[in-house]
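What follows is a short report on a single structure.
Protein chains in written order, with our numbering: chain A, 1 to 847; chain B, 848 to 1106.
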């Protein structure tokens, strides 16, 4: 199948078949040439496509919400193509008419390819080009001097344009900006950066219209506000058939804990064998590696099953994508890298391993199957442990009921704002008040106050330090009313460091090739083919000779050379599984609510698989089943320790934060807590003293959030990592510097040192403020924890048990236990290492 | 590192033979270098009791502002933070003489960038006792207007104190910023460290913004061909680290496993 034929209007044509009642609208909006072209394909434009085109021709900002396969992309371009087709002859000088922005490079390239067909077939004479990080410098320069009519690019490239000379002139004739997959971009820092870029374009070209394209979301109005103050929502009618979602109830026993899904592999394999083409979604890259390995060893029929995740080498991913599009694969194990709207082939089944964590994400993934609106998508959910059975059931019910969940509207990050301010200074420069107004027109920053804005500008100029020590080192300088970068070198340095994504330090995984080595001589090792990138933190835990799973193979580490981890293929039944920072989604609040309801309501239990049902029934007998708005807290002794387990169902992050706060409070109450462990559903704390006599309502009181949070946060490893990202994004530290482009890993300065010094000397520094906001929002789920604590206030059900309860079993089996007194751990490690030395030297009795 | 060097890795004690129970809080900080007894302090300084001399190394004053001058606005508080540590050491040990072992100033312009309160604090330190600035590669000509005297090297208690490593016979040097990464059961810890073989001792850097070079890196090999003892700075004391617990860095510019 040729991709160019099926996109961007969805498989088998994004238009309606004729005779479905949109003729009148069509004749009003579409010029003859366009109508003829649709007709020649046997299609008719859909009402929402026409409505968006009409709004575009009126110059209105619009957000189009349409389900996957709804022909969104064509809709976004229709008005532009019509306008361009009406030009009489080539323009006096080439100007950019439409800018298209997508979250993925690959998507921009894909869309360019697909626009080619109508443009060529209608003879529109429209020039379309892409510009991504991969575009050669020569072509970029040419694009600046001689822009195409339509340019397809990414948010980072827009920021780069804005930070370049003559940006205003380049965009002054821009008529339209199309933002694709806006629902995926808006919720993060990349979205913040893009929203500021859009605000700048609004200044540069007041006549420009903004078009957002989004999959179905919970709150379209919020997304429209993100797009612009006057954007209207256009909702495509939901003509789709409800997806058909099943939960795989394994023949095998469902484990108490864990996320591998190993037990269900034979059944997953059978489902792949029975279908035309299956996408198997997992939630983390480690899971992807593991499952792929398991499927491969179950692959008795030699089915073409491939692996696709973000750490694999680009070439390898492209090969898999091409094979998918060409119909050469039976199955692909993948992570969220395939979540977004690229339609790779004839997928007829989606399998979700583990709980999808949110109904909207599940819908997106299901949308990969049968990429057209008038056919039901088929999906199988595979719970990997008992709690996940409940979660999958909740997600299934939500999809059936057509309910969605979504992220809360965010407040724009200050480190991104700092980057943008510097970017504006590196381009044409800015006047302070005009820039403030411009920034406040960007959705996430509409609540920005002047004082914070001034602090950010001061940070950009001189670092924002109390004593104005760096006044003579201004990075931006004022000439008249206009602030610009102090010199060309600083501007260049800024441009090299644009972006909102701070990757973990990565090493390339390369196959080692051996040269020489004849006659007892040592062989020399060279870096060979690249398999992909792996986090340095993981490789650090290995020593040469260790084996690990990567890119679907078992590899033995030979050593590290420069930025390469050299490996050889090997066989080892128990290789290490790489772990990756991030990549874990918390359970959405909305699904958590459904799970709590389901547990509470015995009428829903018969629908559950037998082992899960029994498990809940025994829980009711041995302990209690709490009402959905209550919090169950259990205490029991076990193996010489005392346990406290509670079940907030608010996700691992929120539970971890609660665990830290509770152990501190317990310490003060003299319970002598030793550690805690958090799962997606529950939190368990163990201690030396019995906690059964404590006032649980007092213990869980919402004021706990005010107690130690700030102090603990500042000491935590998480906070330092967050601060590092803020320091890099805001430009305090430059990742790359002019003249040292090659390695791309130029952070030579430990941000931990900066963090510690800043914390003790200027605790209210704007960058600390930014990092704390990030941590509270994304890393610790504080908002969610606060909501939960106030919800259950006065509704704590305490069960003092003599032994462990059925519900407590899964969390007790969780890995990733946290020891209390994190600050002491460092000293303990040192003391331990010394102990070793003493033991070696003296041979202590008993050793 | 060679396994047969394990016993050499034990702290050597000044007078007592090996005590029955180790006085853990004190003993590991007492080191012998050539014929001198020195004490490694958890703040990163070295105390030579016999000469009542405090040695501090690689203070790198004004490293932050040197970055700021090139457009990276690091906090301007590193000099003050470093001075606070030096002042605390001086208060506690009441030295007759302080030796700053080179690279006291991050660059030739550092003294000019000092804030006046910081400059005043340095003058106060240098005025009340003998103060010696050893020449470093970053500050080959330490500024004179802040007090103290400048020397290329100095001999104290039979030891040569210098910035760059010399012939390695009875010397205390700095320059390398040694740092130990230690594997524990729970996690890894990276901390500044003293490194010695009993003839030469390399001091950790004390500048608040100075980075460290892993003691397993190739740069230490030629200095300690027969092995080294690593004494890592903890919060309240210095720990003698078992060589089996040391791990290498693979971070930018750091050493690699040898193939």
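For each residue, glycine too, the CB sits at the ideal point set by N, CA and C. This structure is a prediction, so every number in the text was calculated from the model and none was measured.
Spell out whether any CB of chain B is found under 8 angstroms from the CB atom of residue i.
i: residue 732/A; result: yes
i: residue 911/A; result: It is not possible to answer for residue 911/A, since the shown part of chain A is limited to 1 through 847.
i: residue 493/A; result: yes
i: residue 373/A; result: Here residue 373/A scores only 49 on pLDDT, less than 50, and its place in the model should not be relied on; the value that follows carries that caveat. Chain B contact via Cβ: absent.
i: residue 754/A; result: yes
i: residue 741/A; result: Here the model assigns residue 741/A a pLDDT of 46, short of 50, so the residue's position is not dependable and the matter cannot be decided.
i: residue 833/A; result: yes
i: residue 473/A; result: yes
i: residue 572/A; result: no
i: residue 463/A; result: yes
i: residue 847/A; result: A caution first: residue 847/A carries a pLDDT of 36, below 50, which makes its placement in the model unreliable, though a value can still be read off. Not an interface residue.
i: residue 420/A; result: no
i: residue 830/A; result: yes
For the putative contact between residue i and residue j, defined by C-beta atoms under 8 angstroms, what is the C-beta separation to the nearest angstrom?
i: residue 1051/B; j: residue 1040/B; result: 6 angstroms
i: residue 95/A; j: residue 173/A; result: 4 angstroms
i: residue 657/A; j: residue 787/A; result: Contact flag wrong, Cβ pair sits at about 13 angstroms.
i: residue 477/A; j: residue 468/A; result: About 15 angstroms; that fails the 8 angstroms criterion.
i: residue 1125/B; j: residue 940/B; result: This structure leaves residue 1125/B out entirely; chain B is present only between 848 and 1106.
i: residue 928/B; j: residue 463/A; result: With 8 angstroms as the limit, residue 928/B and residue 463/A do not qualify as a contact, their Cβ atoms being about 16 angstroms apart.
i: residue 498/A; j: residue 159/A; result: 5 angstroms
i: residue 676/A; j: residue 684/A; result: 6 angstroms
For residue i, which residues does DSSP report across the bridge?
i: residue 1086/B; result: 1079/B
i: residue 1061/B; result: 1026/B
i: residue 244/A; result: 378/A
i: residue 506/A; result: 535/A
i: residue 643/A; result: 636/A, 686/A
i: residue 483/A; result: 430/A, 478/A
i: residue 564/A; result: 508/A, 561/A
i: residue 212/A; result: 63/A, 179/A
i: residue 1115/B; result: An answer regarding residue 1115/B cannot be provided, because it is not within the stretch 848 to 1106 covered by chain B.
i: residue 1001/B; result: 1008/B
i: residue 604/A; result: The partner list for residue 604/A (beta bridge, DSSP) is empty, contrary to what the question assumes.
Start and end of the alpha helix (DSSP H) containing residue i?
i: residue 189/A; result: 189-204
i: residue 306/A; result: Unbroken run through residue 306/A is the beta strand (DSSP E), 305-308; no alpha helix (DSSP H).
i: residue 158/A; result: 155-162
i: residue 284/A; result: Premise fails: residue 284/A is in no alpha helix (DSSP H) and is neither H nor E.
i: residue 366/A; result: 359-366
i: residue 656/A; result: 652-668
Measure from the alpha carbon of residue i to the alpha carbon of each residue in the options, then state which is nearest.
i: residue 849/A; options: 420/A, 764/A, 442/A, 594/A; result: Since the first residue of chain A shown is 1 and the last is 847, residue 849/A is not available in this structure.
i: residue 289/A; options: 615/A, 785/A, 534/A, 85/A; result: 534/A
i: residue 1021/B; options: 896/B, 883/B, 1090/B, 907/B; result: 907/B
i: residue 938/B; options: 892/B, 959/B, 921/B; result: 892/B
i: residue 703/A; options: 633/A, 637/A, 790/A; result: 790/A
i: residue 561/A; options: 274/A, 527/A, 209/A; result: 527/A
i: residue 891/A; options: 545/A, 539/A, 565/A, 571/A; result: Not covered by the structure: residue 891/A. The range shown for chain A is 1 to 847.
i: residue 263/A; options: 272/A, 694/A, 253/A; result: 253/A
How far does the beta strand (DSSP E) with residue i in it extend, from its first residue to its last?
i: residue 757/A; result: Note, residue 757/A: premise wrong, no beta strand (DSSP E); alpha helix (DSSP H) at 751-761.
i: residue 127/A; result: Looking at the DSSP string, residue 127/A is not in any beta strand (DSSP E), and its letter there is neither H nor E.
i: residue 886/B; result: 883-887
i: residue 997/B; result: 996-998
i: residue 349/A; result: 349-353
i: residue 797/A; result: 796-800
i: residue 678/A; result: 673-678
Looking at chain A, is there any beta carbon in it that lies within less than 8 angstroms of the beta carbon of residue i?
i: residue 915/B; result: yes
i: residue 1036/B; result: yes
i: residue 1068/B; result: no
i: residue 909/B; result: no
i: residue 904/B; result: no
i: residue 1089/B; result: yes
So which residues of chain E does residue i contact, with C-beta pairs closer than 9 angstroms?
i: residue 987/B; result: The structure shown contains no chain E; the protein chains it does contain are A and B.
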